[in-house]
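Asks: Sequence positions in the sequence shown follow the working numbering and run 1 to 185. Following this message is one structure expressed as structure tokens.
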Amino acid sequence: GVEGCGKSTQAEALLERLTSLGVPTILSREPGGTTLGERFRQILLDTSQSEMEPQTELFLYLASRAEHVAKVVLPGLLRGDVVISDRFGDASVAYQGGGRGLGTETVEMLNQVATRGVKPDVTFLMDLDPEEGIARLLKGRGESARDRIESEVLGFHRTVRETYLRIAAMEPERFVVIDAAQPRE
Ligand code: TMP
1 GVEGCGKSTQ AEALLERLTS LGVPTILSRE PGGTTLGERF RQILLDTSQS EMEPQTELFL
61 YLASRAEHVA KVVLPGLLRG DVVISDRFGD ASVAYQGGGR GLGTETVEML NQVATRGVKP
121 DVTFLMDLDP EEGIARLLKG RGESARDRIE SEVLGFHRTV RETYLRIAAM EPERFVVIDA
181 AQPRE
């Protein structure tokens, strides 16, 4: 979902719940989840890199994903773990394909390469008006703490939200759309 929708909070709650039920579960994130991926994350979110080309941005997210799938997701699945990823391929489709205008089909094709065809069994889309999401972020940590993507104009985040909803509608068997304006519980 968009910034400030509560993904990380819910992902942690899901991890706790599954673990308490005795289900072996790991929680990871993108960009990041590996040492190299966390370095890509630093570059991607660095506000001093405001001139980064959209294509460069896309390839760095894909690079983080390629590492994450090979080093964390696939080994986890092979062990029989449930793997929760706080963001995955759909984020690139929504942000770079939609938000940056690189095209959703192009990004989906490149995701295939980065993920070696691994797809989530279920994807939770936390749907929220980006204006409310950004307001939540600012309430939590103040204007100066916005990262490079969070600092994008509202129109960008609106396109991201619309793209997410569009891809969710195209794969209703995979997506669960949650109204993220609801309270945390
Ligand atoms: P996070 O704030 O959810 O940890 O994600 C970091 C930022 O990266 C967030 O603004 C969304 C953005 N993002 C993309 O633009 N494309 C992607 O493929 C991913 C995984 C994240």
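Every residue gets a Cβ at the ideal spot worked out from N, C-alpha and C, and that includes glycine. Owing to the predicted nature of the structure, the values given are computational and were not obtained by experimental measurement.
1. Measure the Cβ-Cβ separation of residue 81 and residue 27 and say whether it is below 8 Å.
2. With a threshold of 7 Å, establish whether the CB of residue 42 neighbours any heavy atom of the ligand TMP.
3. When DSSP labels each residue in this structure, what does residue 153 get in the three-state scheme?
4. Quick one: measure Cβ to Cβ for residue 44 and residue 148, integer angstroms, because I've assumed they're closer than 8 Å.
5. In this structure, how does DSSP classify residue 123 when only helix, strand and coil are distinguished?
6. Helix, strand or coil, according to DSSP, for residue 69 in the structure here?
7. Confirm the yes/no value for this check: CB of residue 28, any heavy atom of the ligand TMP, distance under 7 Å.
8. I need the boundaries of the beta strand (DSSP E) containing residue 176, first residue and last residue.
9. Looking only at its chain, what residues have a beta carbon closer than 7 Å to the beta carbon of residue 158, apart from the 5 residues adjacent to it on each side?
10. Would you say residue 65 and residue 114 are within 8 Å of each other, going by their C-beta atoms?
11. If we ignore side chains and look at the alpha-carbon of each, how far apart do residue 127 and residue 30 end up?
12. Please determine whether the Cβ atom of residue 71 lies at a distance below 7 Å from any heavy atom of the ligand TMP.
13. Indicate the three-state DSSP secondary structure (helix, strand or coil) for residue 23 in the structure shown.
14. How many angstroms separate the CA atom of residue 4 from the CA atom of residue 173?
15. Any heavy atom of the ligand TMP inside 7 Å of the beta-carbon of residue 92?
16. Tell me whether residue 84, by its Cβ, gets closer than 7 Å to a heavy atom of the ligand TMP.
Replies: Taking the definition as stated:
1. Counting from one through the sequence shown, the residue named residue 81 turns up at place 81. Counting from one through the sequence shown, the residue named residue 27 turns up at place 27. No, the pair does not count as a contact, with Cβ atoms beyond the cut-off.
2. Here residue 42 is taken as the residue at index 42 of the sequence shown, counted from 1. Answer for residue 42: no, Cβ out of range of the ligand TMP.
3. Against the sequence shown, residue 153 aligns to sequence position 153. Coil at residue 153, not helix or strand.
4. By one-based count along the sequence shown, residue 44 stands at place 44. By one-based count along the sequence shown, residue 148 stands at place 148. Confirmed, Cβ separation roughly 7 Å.
5. Position 123 of the sequence shown holds residue 123. DSSP places residue 123 in strand when its eight states are reduced to three.
6. Looking up residue 69 in the sequence shown gives position 69. In the displayed model, residue 69 falls within a helix according to three-state DSSP.
7. As a first step, residue 28 must be located in the sequence shown, where it is residue number 28. No - the ligand TMP has no heavy atom lying nearer than 7 Å to the Cβ of residue 28.
8. Against the sequence shown, residue 176 aligns to sequence position 176. Residue 176: member of the beta strand (DSSP E) spanning 175–179, first to last residue.
9. For the purposes of this step, residue 158 is identified with residue 158 of the sequence shown, where counting begins at 1. The residues 130, in chain order, have a CB closer than 7 Å to that of residue 158 in the same chain once the five nearest residues on each side in sequence are set aside.
10. Position 65 of the sequence shown, counted from the first residue, corresponds to residue 65. Position 114 of the sequence shown, counted from the first residue, corresponds to residue 114. The answer is yes: Cβ separation under 8 Å.
11. Mapped onto the sequence shown, residue 127 falls at position 127. Mapped onto the sequence shown, residue 30 falls at position 30. Each residue's alpha carbon lies about 18 Å from the other.
12. On the sequence shown, residue 71 is found 71 positions in, with the first residue counted as 1. False, no ligand heavy atom lies under 7 Å from that Cβ.
13. Numbered from its first residue, the sequence shown carries residue 23 at position 23. DSSP places residue 23 in coil when its eight states are reduced to three.
14. For this step, residue 4 is matched to residue 4 along the sequence shown. For this step, residue 173 is matched to residue 173 along the sequence shown. Their backbone Cα atoms lie some 25 Å apart in a straight line.
15. What you label residue 92 is simply residue 92 of the sequence shown in a count that begins at 1. In this structure, residue 92 has its beta carbon less than 7 Å from a heavy atom of the ligand TMP.
16. On the sequence shown, residue 84 is found 84 positions in, with the first residue counted as 1. Incorrect: residue 84 has no Cβ contact closer than 7 Å to the ligand TMP.
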